[in-house]
Structure formats: structure tokens, C-alpha cells
Amino acid sequence: MFQKLVNLVEKIEKTPTNFYLWSLTFLSIIFARVLMENWLGKMINRSGDYFFHHFSYTLVFFLLSYLLFLAFLMKKLDLKIKAASNVMLWGYLIIIFPPLFDFILLNDRPYLSFYGIYSLSEMPYRFFTFFGDSPDYGMTYGVRIEIAFTVLALLVYGFIKTRNKIKALIISIEAYLILFFLGTFPSWMTILVRGFQKGPLNVAESDIVQLFFPSVRLFARSTGSYLNALSIKLSLVYGFILFLFVCWGLYVLYRKQFLAFLKNARPVQLGYHIGLLLAGMFLAVAFTRINWDLNIFNIFALLLVMVSVAFAWLASVVVNDIYDKKIDHLTNQTRPLIVKDFSNEAYITTGVVLFAVSIFFSAMVSPKVAFLLMAYQALAFLYSAWPFRLKRFLGVASLVSSIASLLILFAGFILAAPMEDIGQLPTRIIWLLGVAFIFCLPIKDLKDIKGDKADGVMTFPVVFGEYWGKVIIGGGIFFAYVFSVIAFNEKKLLLWALFLGGVSFWLVVISKERGQKITNRNVIWWAMGVLAIYIFLLWRFVFVS
Numbered sequence: 006m007f008q009k010l011v012n013l014v015e016k017i018e019k020t021p022t023n024f025y026l027w028s029l030t031f032l033s034i035i036f037a038r039v040l041m042e043n044w045l046g047k048m049i050n051r052s053g054d055y056f057f058h059h060f061s062y063t064l065v066f067f068l069l070s071y072l073l074f075l076a077f078l079m080k081k082l083d084l085k086i087k088a089a090s091n092v093m094l095w096g097y098l099i100i101i102f103p104p105l106f107d108f109i110l111l112n113d114r115p116y117l118s119f120y121g122i123y124s125l126s127e128m129p130y131r132f133f134t135f136f137g138d139s140p141d142y143g144m145t146y147g148v149r150i151e152i153a154f155t156v157l158a159l160l161v162y163g164f165i166k167t168r169n170k171i172k173a174l175i176i177s178i179e180a181y182l183i184l185f186f187l188g189t190f191p192s193w194m195t196i197l198v199r200g201f202q203k204g205p206l207n208v209a210e211s212d213i214v215q216l217f218f219p220s221v222r223l224f225a226r227s228t229g230s231y232l233n234a235l236s237i238k239l240s241l242v243y244g245f246i247l248f249l250f251v252c253w254g255l256y257v258l259y260r261k262q263f264l265a266f267l268k269n270a271r272p273v274q275l276g277y278h279i280g281l282l283l284a285g286m287f288l289a290v291a292f293t294r295i296n297w298d299l300n301i302f303n304i305f306a307l308l309l310v311m312v313s314v315a316f317a318w319l320a321s322v323v324v325n326d327i328y329d330k331k332i333d334h335l336t337n338q339t340r341p342l343i344v345k346d347f348s349n350e351a352y353i354t355t356g357v358v359l360f361a362v363s364i365f366f367s368a369m370v371s372p373k374v375a376f377l378l379m380a381y382q383a384l385a386f387l388y389s390a391w392p393f394r395l396k397r398f399l400g401v402a403s404l405v406s407s408i409a410s411l412l413i414l415f416a417g418f419i420l421a422a423p424m425e426d427i428g429q430l431p432t433r434i435i436w437l438l439g440v441a442f443i444f445c446l447p448i449k450d451l452k453d454i455k456g457d458k459a460d461g462v463m464t465f466p467v468v469f470g471e472y473w474g475k476v477i478i479g480g481g482i483f484f485a486y487v488f489s490v491i492a493f494n495e496k497k498l499l500l501w502a503l504f505l506g507g508v509s510f511w512l513v514v515i516s517k518e519r520g521q522k523i524t525n526r527n528v529i530w531w532a533m534g535v536l537a538i539y540i541f542l543l544w545r546f547v548f549v550s
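Under this note's numbering, think of the first position of the sequence shown as 6, with each following residue one higher.
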């Protein structure tokens with residue numbers, strides 16, 4: 006009998022799978038869980054917003070739990086990721102059934118399943134009594150059966166893999182510790198957040214309820230009600246923790262590829278995109294005078310949107326690298342695809358995941374921001390990929406890049422503006438930024454002159470020659486500085502615009518391909534430094550005064 010169980014486990018560990026099959030299977034389990042909850046709840050009519058947040062919470066919570074136990078099994082039992090993942094996936098079928106267990110066992114009375122809401126002093130009692138009494142509220146029978154099954158299954162699996170009863174018992178106890186922490190997470194978070202004010206031992210159940218159960222307002226957007234406020238708030242926290250945990254896991258398991266991808270992220274442009282998002286939020290605050298509470302959940306919402314914008318940029322990098330191989334062979338020979346750090350298939354998968362996570366995370370905070378990031382990705386695809394490959398056409402490439410940049414700025418503005426639109430963003434500011442982007446963004450083309458020429462990409466240096474191309478680009482940047490004075494109608498900026506615009510022009514013109522401090526590749530860093538000074542002056546003269 007035992008040998009048959011061992012053979013079954015080995016067969017499960019060797020189940021053929023790949024990333025796409027795993028993803029579809031995992032999502033199917035999540036959909037089955039959500040379906041079970043709503044089916045037993047008689048498919049009560051609720052808003053699409055409610056169902057989305059219900060699904061998103063279920064997905065991020067169980068995905069985070071899955072990855073925690075995946076790492077746990079790999080560490081404790083020295084398993085390969087594929088074997089551990091297959092075992093976890095089969096075991097994860099249990100998450101479908103807790104609502105059914107509750108329905109069968111508690112159908113004769115009202116019940117509410119979510120988390121254990123306990124004070125710090127109550128935690129030891131709840132831990133050693135398997136969550137204690139009140140199985141109809143919080144940690145219901147269904148959840149307890151799920152936890153008990155998981156602990157017992159890991160006890161058996163641990164013994165099968167180690168043939169050591171003590172080690173198997175330790176693994177099951179540690180698994181229970183993890184599950185207890187997950188099942189009481191809102192309590193621990195409240196103790197951490199409110200403990201600084203009241204002292205950890207003085208945080209009561211009422212504090213936990215007050216933090217998590219009131220309806221949530223994410224910056225300017227009101228969303229949810231007491232029915233799903235807990236889910237919305239926790240999905241933001243879990244989403245960001247999930248991001249950090251996945252980054253850590255990739256660093257540990259795929260360090261070479263992870264570091265190569267980070268190195269290829271174009272940090273200037275990555276910072277530029279995050280800066281556009283924050284600039285949009287700043288403009289919303291400046292022009293609408295909104296006063297929202299920057300609470301802990303708004304901080305997590307902002308962090309998730311920043312991750313979404315970063316992933317949107319990185320997804321566009323993937324598309325660009327796939328279609329720019331000819332250019333990169335000449336001018337960017339350390340790109341991941343050129344040095345074979347990634348296969349073409351793995352790189353495409355990376356781009357798909359980045360795109361999907363970007364849209365999903367941003368939709369958890371604001372559907373409008375998610376829509377703008379989808380539009381951004383559409384422009385990025387048209388810019389880099391065939392059949393259009395718009396980056397080939399002089400002027401068109403700058404226009405598309407300018408619109409894409411405006412979309413990120415609009416996302417920040419909409420996130421913070423009270424009406425969740427750009428109606429209160431002055432038209433002159435939109436024109437200023439659009440024109441400035443058109444004239445300034447071609448500076449990034451200086452590092453790819455040789456490759457662009459070979460691939461038929463018509464940039465200013467390719468069409469007009471390197472020197473005159475730099476004069477045109479530098480002149481465009483100088484014009485953008487001067488135009489900002491007109492747009493803001495601020496005379497105090499004039500001398501600074503002339504001086505700093507002139508410095509930027511000079512930096513672009515004197516840059517060389519190599520052999521000196523300011524090169525075609527790093528001149529963008531110098532120009533961004535000058536721009537940072539001007540932005541500070543702009544803030545000082547226009548918004549503070």
C-alpha cells in the first residue's frame with residue numbers, strides 16, 4: 006500500500022507540464038473556487054466591479070500562498086521546481102471545496118468565512134486550539150478542513166520523501182505555522198500598523214475591523230463596500246508582496262537571466278516612466294487641490310500602479326528587442342537575446358507575463374489606468390513590430406513616443422484627480438508636454454546610429470548625418486525649454502530656460518560615440534540631470550509661488 010502511494014507521488018511529480026499549461030490549470034482552479042462561492046451563494050446579482058475584485062483577491066492570495074509553499078517544499082525536501090510545482094498543483098484542488106464544506110455543515114445557521122480576527126494576546130490560544138470556537142465566523146469549518154487536509158498531506162508527503170517521521174512532523178508543524186499566519190494576516194498587519202500608536206498588546210479586534218472593513222477609497226476613486234472592502238484592501242497588499250516574492254525567487258533560481266533582464270531595463274527610461282506617472286499625480290493635486298488621505302492602502306495602491314507602469318515599459322522593451330536584433334547586433338551587443346541569455350520563446354513568455362501583470366495590477370486600482378496602459382502597449386507594439394514598425398519613419402516615431410508618454414502622465418493624473426479624468430488638466434500643459442516629448446525623445450536615438458542605418462530606421466542622425474542630427478535634436482530640446490516659459494506664462498523661468506536649454510544643446514552636440522566623458526550612449530543621463538534642475542525651478546516658480 007505504501008509503495009503504491011510512493012509510485013503515485015512519483016507519477017504526480019513527473020507530470021508533463023510547461024509554464025502555459027501550469028498557468029491555465031492554476032487559473033482554472035481559481036475560477037472553480039470563485040464559481041463554487043457564487044453558486045452556493047445563489048448567484049446573487051452584484052456589480053462587475055464586485056466580481057472583478059472578488060476574483061483578483063482570490064487569485065493573488067492563492068498565488069502568493071502557492072509560491073510560499075512551493076519555496077517551502079523546495080527548501081525542506083530539496084525538490085526541483087517542477088516536481089514541487091506539480092505536487093502543489095494537485096494538492097491545490099482542495100481550495101475549491103471549503104465553501105461547499107461550509108454550506109453542508111453550517112447551512113442551518115448564518116455563517117461568514119474570511120479570516121481569524123484576533124488580538125495579539127489571543128493568538129497563542131487560537132494557535133494551539135486550531136482557531137478555537139466560533140466556526141461560523143472567520144475561520145469556518147470549511148477553512149479548518151482545508152488547513153487540516155494540507156497539514157496532513159504534507160505530513161505524509163514529507164515522510165514519503167524523507168522516510169523520517171520526525172522530519173515529516175516538523176514539516177507539518179511548520180506548514181501549520183505558515184497557514185496560521187496566512188489565516189490571521191489582517192490581525193498581524195493591524196498589530197504592525199496600529200501597534201506603533203497603541204502598543205501591540207493594546208490592538209483589539211475592533212481595531213482590525215476598523216482598518217479593513219470600511220469601504221475603501223483609492224485616491225480619488227470610491228470602490229467597494231463593506232461586502233468586499235476586506236478583499237480589495239488585502240489584494241493590494243498581497244499584490245505588492247507577491248511582486249517582491251517573485252523577484253526574490255527569480256533572483257535565487259534564475260539569477261543570470263534575472264540580472265541580465267534588469268541590466269537591459271534601460272534605467273533612464275524606466276525612471277522616466279515612473280516620473281511621468283508621479284508628475285501626472287502632482288499635476289492633479291496642483292490643479293484640482295484635491296485632499297485625499299495617503300493611508301497605508303493608498304500607499305500600496307500607488308506601489309502597485311508604479312509596478313504596473315514599470316512592467317508596461319519592460320513589456321515594450323521585450324517587443325522592441327525581438328524586432329531590433331539586426332540593430333542590436335551592431336550597437337547593443339549585450340542585449341539578452343544577442344548574448345543568448347534568453348531563448349526567443351522564453352523572452353516572448355516574459356513579455357506576455359509582464360503585459361498581463363501590468364494590466365491586472367493596474368485594474369485592481371483603477372480600470373481607467375489599466376485601459377491607458379493597454380493603449381500604451383498597443384502603441385509600443387505598432388512602434389516596434391511589423392508590419393507597421395512605425396519607428397522607421399522620421400517624425401512619426403517621435404509622435405508615437407510622445408503620445409505614449411502622455412498616456413502615462415494621464416494615468417497619474419486620472420489616478421489622483423477627483424473626477425478621474427483629464428478635464429482639469431490645462432490644455433496648454435498637454436500641448437507643452439506633447440511638443441516637448443516630440444522634440445526631446447529623439448535623444449535616445451543617438452546610441453543606435455549605426456544599427457538604425459543598417460536596418461533602415463530613419464532617425465535624425467541617419468537622415469541628416471550625425472553632426473546635423475545632433476544639432477536638430479539639441480535644437481529641439483532647447484526649443485522645448487523656451488516653449489515651457491510660454492506655456493506657463495512665467496517670466497522668471499526665461500533666463501533659466503535659455504541657460505539650461507543651452508547647456509542641453511551643448512551636451513548633445515559635443516557627445517561622441519566613445520572615448521570621452523559625454524558619449525552618445527550616456528548623454529541622456531546628462532540631459533536628464535539638467536532637466537531635473539529645471540523641474541525643481543519650475544516647481545519653485547510656478548507651483549510654490
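Think of the CB as a built atom: it goes at the ideal place given N, C-alpha and C, for glycine as much as any other residue.
In this structure, what does DSSP give as the bridge partners for residue i?
{"i": "Thr524", "result": "Lys517"}
{"i": "Gly143", "result": "Ser118"}
Reducing DSSP to helix, strand and coil, say where residue i ends up.
{"i": "Arg226", "result": "strand"}
{"i": "Leu438", "result": "helix"}
{"i": "Trp391", "result": "coil"}
{"i": "Gly276", "result": "helix"}
{"i": "Pro466", "result": "helix"}
{"i": "Pro205", "result": "helix"}
{"i": "Asn325", "result": "helix"}
{"i": "Ser367", "result": "helix"}
{"i": "Trp95", "result": "helix"}
{"i": "Ile109", "result": "helix"}
{"i": "Leu342", "result": "coil"}
{"i": "Tyr486", "result": "helix"}
{"i": "Met286", "result": "helix"}
{"i": "Gly506", "result": "helix"}
{"i": "Ile49", "result": "coil"}
{"i": "Asn23", "result": "coil"}
{"i": "Lys166", "result": "helix"}
{"i": "Met6", "result": "coil"}
{"i": "Lys85", "result": "coil"}
Please name the residue in the options whose C-alpha comes closest to that of residue i.
{"i": "Ser313", "options": "Tyr243, Val374 and Ala76", "result": "Val374"}
{"i": "Ile17", "options": "Val92, Gly204, Trp544 and Phe36", "result": "Val92"}
{"i": "Leu72", "options": "Pro392, Ala89, Asp83 and Tyr62", "result": "Ala89"}
{"i": "Leu69", "options": "Glu179, Leu249, Leu307 and Ile279", "result": "Leu249"}
{"i": "Pro431", "options": "Asn494, Phe484, Asp457 and Ala409", "result": "Asn494"}
{"i": "Val198", "options": "Glu179, Arg131, Phe302 and Glu151", "result": "Phe302"}
{"i": "Ile491", "options": "Met463, Leu543 and Ile443", "result": "Leu543"}
{"i": "Ala421", "options": "Ala225, Ser33 and Leu82", "result": "Ala225"}
{"i": "Ile443", "options": "Leu503, Phe488 and Ser124", "result": "Phe488"}
{"i": "Phe108", "options": "Lys47, Met79, Leu159 and Gly439", "result": "Lys47"}
{"i": "Glu2", "options": "Asp138, Ser126, Ala234 and Leu335", "result": "The shown model of the chain, from 6 to 550, leaves out residue 2, and the question about it has no answer."}
Grab me the residues of residue i's own chain with a C-beta within less than 7 Å of its C-beta, minus the 5 sequence neighbours each way, in chain order.
{"i": "Phe305", "result": "Leu241, Val242 and Phe245"}
{"i": "Phe136", "result": "Gly121, Met144 and Arg149"}
{"i": "Thr524", "result": "Ser516, Lys517 and Glu518"}
{"i": "Arg526", "result": "Lys452"}
{"i": "Lys172", "result": "Gly163"}
Excluding the 5 residues preceding and the 5 following residue i in the sequence, name in chain order all residues of the same chain whose CB lies nearer than 6 Å to its CB.
{"i": "Tyr256", "result": "Phe263"}
{"i": "Pro191", "result": "Tyr120, Ile213 and Phe217"}
{"i": "Glu151", "result": "Ile99 and Pro103"}
Would you decide whether residue i is buried or exposed? Buried here means 16 or more other CB atoms lie within 10 Å of its CB.
{"i": "Ala537", "result": "exposed"}
{"i": "Leu182", "result": "exposed"}
{"i": "Trp473", "result": "exposed"}
{"i": "Gly461", "result": "exposed"}
{"i": "Asn169", "result": "exposed"}
{"i": "Arg1", "result": "This structure does not reach residue 1, given that the chain is present from 6 up to 550, and the question cannot be answered."}
{"i": "Trp318", "result": "buried"}
{"i": "Cys252", "result": "exposed"}
{"i": "Lys166", "result": "buried"}
{"i": "Asn558", "result": "Residue 558 falls outside the range modelled here, since the chain spans only 6 to 550, and no answer is possible."}
{"i": "Asn296", "result": "exposed"}
{"i": "Gln382", "result": "buried"}
{"i": "Asp426", "result": "exposed"}
{"i": "Leu307", "result": "buried"}
{"i": "Leu174", "result": "exposed"}
To which residues of the same chain is residue i closer than 8 Å at the C-beta, ignoring the five residues directly before and after it?
{"i": "Ile448", "result": "Ile478, Ile482, Val513, Val528, Ile529 and Ala532"}
{"i": "Leu503", "result": "Tyr486 and Val487"}
{"i": "Leu10", "result": "Val161 and Ile165"}
Less than 9 Å between CB atoms is the rule here; does residue i satisfy it with respect to chain C?
{"i": "Ile122", "result": "The chain inventory of the structure shown lacks chain C, comprising one protein chain alone."}
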